[in-house]
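In my numbering, the protein residues as written are 68 to 239.
The beta carbon of each residue, even a glycine, is placed where N, CA and C say it ideally should be.
What follows is a set of notes on a single structure, which appears directly below.
Structure follows, in structure tokens:
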């Protein structure tokens, strides 16, 4: 059973057990909410445009590599060993530049990650802060996100956190 299914099952098992104690649950659909926020849609469009631009840039560099390789293959039998080695090194260097650019743009903590944090994260934080405020004001104990199949808890009342008790129970 994968992690999402396990969390989903545990969430609903908890809901069944906790209903006897009258906890209050609610849900929100963050996709729906974010779709209704113009700043989010604008930021998402800007990100999509950047991704398109970056993809074009990378595809252009990879196309140059393919052209260099095709030219090398066509002329290979005419080249000396030294010339072959030089061309191969040039092709490898050009390919490395393209791969490095792809990592820089789309890799872990790359340009896309940073731009998403800069443009999208503040909007998402406003939504989560609003969820927490509403949950607190209206007395909800748990708020689930419908978008994630009901398995993501956006808000939990800390009085239901049993983490310390579990740690104490398993420590010698």
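Contact between the region 133-147 and the region 170-185 is absent: fewer than 3 CB-CB pairs across the two stretches fall below 8 Å. Contact between residue 168 and residue 128 holds: their C-beta atoms lie close to 6 Å from each other, under 8 Å. The residue from 94, 170, 93 and 114 with its alpha-carbon nearest to that of residue 188 is 114.
Contact between the region 101-113 and the region 218-229 is absent, with fewer than three C-beta pairs closer than 8 Å.
Residue 190 carries a helical assignment under DSSP once its states are collapsed to helix, strand and coil. For residue 192, the closest of 97, 234 and 209 by C-alpha to C-alpha distance is 97. Straight-line measurement puts the Cα of residue 238 at about 28 Å from the Cα of residue 222.
Of the candidates 210, 166 and 186, 166 places its Cα closest to the Cα of residue 122.
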